[in-house]
Amino acid sequence: MSTSPTRVFAARLAGLPVFDPAGDQVGKIRDLVAVMRPGGLQPRVLGLVVEVFGRRSIFVPMTRVTHVDAGQVITTGLVNVRRFEQRPTETLVFGEMLDRQVTIRETGVKGAVYDLAMELSRGHDWVISRVAIQEGTKRLRRGQTHVVEWRDVDGFAIPEETQGATHLLAALEEMRPADLANVIHDLPAKRRGEIAAALDDERLADVLEELPEEDQVEILGHLDSERAADVLEEMSPDDAADLIAELPPETAEALLQLMEPEEAEDVRRLMSYEEKTAGGMMTSEPVILSPDATVADALAHVRNAELSPSLAALVYVARPPLEAPTGRFLGVAHIQRLLREPPSTMVGHVLDTDIEPLPPTSSLEDVARHLATYNMVAAAVVDEDGRLLGAVTVDDLLDHLLPENWRDTPSRTDPPVRIGRPNGAAGG
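Residue numbers (the working numbering): 34 to 461.
This is how it looks when you write it as structure tokens:
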């Protein structure tokens, strides 16, 4: 590690790419793993939590790191691709140390930890040597900051009833919802609740949609009922319906009563279908236009950054009303066809009417066969009266075809031979 700086501030490493010796990116840093030591000794940094491609977190020992700074991290050798699991003796630097309320011993100043510096010790271990603290804010102004030696701070050894998440989220603010969900999934339940409390409703809704059901239920259960209903309203109706279906019936009904009537109606309609059917999987909010809308109108709608690629691939055309369940369904317009047409052309003139829509009772196998047969990434779901109920996408299908624990299961394509933590080494 002779080419590395001797001191690095940890929060600046969040999200940094990790490369192998050949220059290929292995993944991104999501956290650091440290072990607390008695007698005021500086905590030793055991390694990095790295999210590899496939949204799985693995452990990379510091002994495999040859270069670390605020721009990139380079590793040597191979690493174990087994999912990282935190051990009881370990502490996550981002997840559990940022935002801790601590006290500077000499002055009695109290504040929240917003960063920590790690450096190489004489024994060639990485240790946490300094703590960056921000005093409590007054009248909405940022408090004074201090950077002090680890030994001059009290508070890390004392369990906290509450811990904020401001500085942790600042370190992770550029993450996509799926990536932030992966980080939250690996944190202790108490810390997950603190982060959920700090996120705004829309961001929390996006993150919940990417979490396993047990995490969703746990986090929602820690919110007050009014806020839980607000977050459910921000979720897509199909994801909200799946989550509400996991709750006790009395809790589910209470939350539905607190939601806006129109939002609750969409969710109730989706919950009326069996889970593993087209109706149970579909979203009731695809891009729906009338036949006299123009190609320019359609392209403006599919440019919405909040649409998934599979939902943006098709425009669904129906008679008014244009909210599901619509008037008579007329057909779909493919985005590739729309891109070839003059902007003033009406979408009713470029419809694909040859592909039969799916009934809401279609099974997983029926949906998979339909999408595969027509090389589609989404399909319309229509009731027996010819009204559009929604659209089922390949994303929805995969969520139900994959095993429940697919996020935690290594891919069969991962290299079978890897070198992980040495036998007896600390770490998860």
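Backbone N, C-alpha and C fix where the C-beta goes; we use that ideal spot for every residue, glycine too.
(1) Given that a residue counts as buried once 16 or more other Cβ atoms are within 10 Å of its Cβ, and exposed if not, what is V180?
(2) Pick out whichever of A311, W159, S323 and V51 has its Cα sitting closest to the Cα of D416.
(3) Given D132, which residues of its chain have a CB within under 7 Å of its CB, disregarding the five upstream and five downstream residues?
(4) Only counting the same chain, and skipping five residues up and downstream in sequence, which positions put a Cβ closer than 6 Å to that of S317?
(5) Going residue by residue through the stretch 177-206, where are the continuous beta strand (DSSP E) segments of at least 3 residues, counting only ones entirely within it?
(6) State buried or exposed for R373, treating a residue as buried only when at least 16 other CB atoms are found within 10 Å of its CB.
(7) Is H157 helix, strand or coil when you go by DSSP?
(8) With burial defined as no fewer than 16 other Cβ atoms inside 10 Å of the residue's Cβ, what is the status of R89: buried or exposed?
(9) Alpha carbon to alpha carbon, how far is A412 from Q369?
(10) Would you call the stretch 342-359 and the stretch 376-389 in contact, with 3 or more CB pairs under 8 Å?
(11) Can you name the residues that DSSP bridges to V142?
(12) Given a cut-off of 9 Å, decide if L340 and V365 are closer than it, judged by their beta-carbon atoms.
(13) Measuring only the C-alpha atoms, how far is D257 from N408?
(14) Do V240 and E279 have their C-beta atoms closer together than 9 Å?
(15) Using a Cβ-Cβ cut-off of 8 Å (strictly less than) and excluding sequence neighbours within five positions of F86, which residues of its own chain qualify?
(16) For V343, which residues of its own chain have a beta-carbon under 6 Å away from its beta-carbon, when the five flanking residues on both sides are left out?
(17) Taking all protein chains shown into account, decide if G128 is buried (16 or more other Cβ within 10 angstroms of its Cβ) or exposed.
(18) Which one or two residues does DSSP pair with V328 in a beta bridge?
(19) If you draw a straight line from the C-alpha of L363 to the C-alpha of R352, how long is it?
(20) In this structure, does DSSP put K223 in helix, strand or coil?
(21) Measure the C-alpha to C-alpha separation of D187 and R138 and round it to an integer number of angstroms.
(22) DSSP three-state call for L421: helix, strand or coil?
(23) Locate the alpha helix (DSSP H) running through T284, then write down its first and last residues.
(24) Would you mind sorting S395 into buried or exposed? The rule is 16 or more other CB atoms within 10 Å of its CB.
(25) By the three-class DSSP mapping on this structure, what secondary structure does H100 have?
(26) Throw me the rounded Cβ distance for the T109 and P71 pair, which I believe falls under 8 Å.
(27) Give me the Cα-Cα distance between E267 and D234, rounded to the nearest whole angstrom.
(28) Quick check: the Cα distance between R288 and E389, rounded to an integer number of angstroms?
(29) Within the continuous beta strand (DSSP E) that includes S90, where are the two ends?
(30) Pick from L291, K143 and V126: whose alpha carbon is nearest that of V176?
(31) With a threshold of 16 other CB atoms inside 10 Å of the CB of E227, please say whether the residue is buried or exposed.
(32) Would you grab the beta carbon distance between V135 and Q75 for me? Rounded to a whole angstrom, and I think it's under 8 Å.
(33) In whole angstroms, what is the alpha-carbon distance linking P245 and V83?
(34) Where DSSP assigns a beta bridge to K61, which residues make up the other side?
(35) Check each candidate in L237, D399 and G48 and name the one with the smallest Cα separation from T58.
(36) Could you name the residues of the same chain whose beta carbon sits closer than 8 Å to that of G360, not counting the 5 residues immediately before and after it, in chain order?
Taking the geometry as given:
(1) For the purposes of this step, residue 180 is identified with residue 147 of the sequence shown, where counting begins at 1. Result: exposed.
(2) For the purposes of this step, residue 416 is identified with residue 383 of the sequence shown, where counting begins at 1. Taking only the C-alpha atoms, the option nearest D416 is A311.
(3) Counting from one through the sequence shown, the residue named residue 132 turns up at place 99. Taken in chain order, the residues that qualify are A145, V146, Q196, G197, A198, T199, H200 and L201.
(4) Sequence index remark: in the sequence shown, residue 317 carries index 284 (1-based). For S317, where only same-chain residues beyond five positions count, the Cβ hits under 6 Å are P270, D299, A357 and G423.
(5) Correct list: 178-182.
(6) Along the sequence shown, read from residue 1 onward, the residue named residue 373 stands at position 340. Residue burial is scored here from C-beta neighbours: R373 has fewer than 16 other C-beta atoms within 10 angstroms and is therefore classed as exposed.
(7) Against the sequence shown, residue 157 aligns to sequence position 124. In this structure, DSSP gives H157 a state outside helix and strand, which the three-state scheme calls coil.
(8) Start at 1 with the first residue of the sequence shown, and residue 89 comes out as number 56. The residue is buried, with at least 16 neighbouring Cβ atoms inside 10 Å.
(9) The sequence position of residue 412 within the sequence shown is 379, counting from 1. The sequence position of residue 369 within the sequence shown is 336, counting from 1. Each residue's Cα considered, the two are about 16 Å apart.
(10) Judged by Cβ distances under 8 Å, the stretch 342-359 makes contact with the stretch 376-389, as three or more pairs qualify.
(11) The residue given as residue 142 occupies position 109 in the sequence shown. In DSSP, V142 forms no bridge with anything.
(12) Counting from 1 along the sequence shown, the entry for residue 365 is found at position 332. Counting from 1 along the sequence shown, the entry for residue 340 is found at position 307. Their beta carbons are not under 9 Å apart, which means V365 does not touch L340 by this criterion.
(13) Within the sequence shown, numbered from 1, the residue matching residue 257 stands at position 224. Within the sequence shown, numbered from 1, the residue matching residue 408 stands at position 375. Answer to the nearest angstrom: the Cα atoms are 44 Å apart.
(14) Your numbering for residue 240 matches position 207 in the sequence shown. Your numbering for residue 279 matches position 246 in the sequence shown. Cβ atoms of V240 and E279: not closer than 9 Å.
(15) Looking up residue 86 in the sequence shown gives position 53. Same-chain partners within the cutoff: G60.
(16) Residue 343 sits at position 310 when you count from the first residue of the sequence shown. Going by the sequence as given, residue 343 is Ser instead of Val. Result list for S343: V410, A411, T426, V427 and D428, in chain order.
(17) What you label residue 128 is simply residue 95 of the sequence shown in a count that begins at 1. When all chains shown are included, G128 counts as buried.
(18) Translated into the one-based positions of the sequence shown, residue 328 becomes position 295. In the DSSP output, where bridge partners are listed per residue, V328 has none listed.
(19) Locating residue 363 in the sequence shown gives position 330, counting from the first residue. Locating residue 352 in the sequence shown gives position 319, counting from the first residue. Spanning the alpha carbons of L363 and R352 requires a straight line of approximately 7 Å.
(20) Here residue 223 refers to the residue found at position 190 when the sequence shown is read from its first residue. It is helical.
(21) Numbered from 1 along the sequence shown, position 154 holds the residue referred to as residue 187. Numbered from 1 along the sequence shown, position 105 holds the residue referred to as residue 138. CA-to-CA, the gap between D187 and R138 works out to about 6 Å.
(22) Here residue 421 refers to the residue found at position 388 of the sequence shown. Of the three classes helix, strand and coil, the one that applies to L421 here is strand, per DSSP.
(23) If you number the sequence shown from 1, residue 284 lands on position 251. Per DSSP, T284 belongs to the alpha helix (DSSP H) from P282 to L291.
(24) Translated into the one-based positions of the sequence shown, residue 395 becomes position 362. It counts as buried.
(25) Taking the first residue of the sequence shown as position 1, residue 100 is located at position 67. Note: H100 maps to strand in three-state DSSP.
(26) On the sequence shown, residue 109 is found 76 positions in, with the first residue counted as 1. On the sequence shown, residue 71 is found 38 positions in, with the first residue counted as 1. Actually they are not in contact, since the Cβ atoms of T109 and P71 sit about 32 Å apart, beyond 8 Å.
(27) Within the sequence shown, residue 267 is the residue found at index 234, counting from 1. Within the sequence shown, residue 234 is the residue found at index 201, counting from 1. C-alpha separation (whole angstroms): 7 Å.
(28) As a first step, residue 288 must be located in the sequence shown, where it is residue number 255. As a first step, residue 389 must be located in the sequence shown, where it is residue number 356. Looking at the sequence shown, residue 288 is not Arg but Leu. Going by the C-alpha atoms only, they are around 36 Å apart.
(29) Reading the sequence shown from its first residue, position 57 is the one you call residue 90. That run of the beta strand (DSSP E) goes R89 to P94.
(30) Taking the sequence shown and counting its residues from 1, the one referred to as residue 176 is at position 143. According to the sequence provided, residue 176 is Gly. The question's Val does not apply to it. Nearest C-alpha to G176: K143.
(31) The residue given as residue 227 occupies position 194 in the sequence shown. Classification for E227: buried.
(32) For the purposes of this step, residue 135 is identified with residue 102 of the sequence shown, where counting begins at 1. For the purposes of this step, residue 75 is identified with residue 42 of the sequence shown, where counting begins at 1. Rounded to whole angstroms, the Cβ separation of V135 and Q75 is 15 Å, and the two are not in contact under 8 Å.
(33) Position 212 of the sequence shown, counting from 1, holds the residue named residue 245. Position 50 of the sequence shown, counting from 1, holds the residue named residue 83. Distance between the alpha carbons of P245 and V83: 20 Å.
(34) Sequence index remark: in the sequence shown, residue 61 carries index 28 (1-based). According to DSSP, K61 bridges with P50 and E84.
(35) Taking the sequence shown and counting its residues from 1, one reaches residue 58 at position 25. Residue identity check: residue 58 is Gln in the sequence provided, not Thr. Residue G48 holds the alpha-carbon nearest to the alpha-carbon of Q58 among L237, D399 and G48.
(36) The residue labelled residue 360 in the question sits at position 327 within the sequence shown. Here the set comprises A351, R352, P353, P354 and R420.
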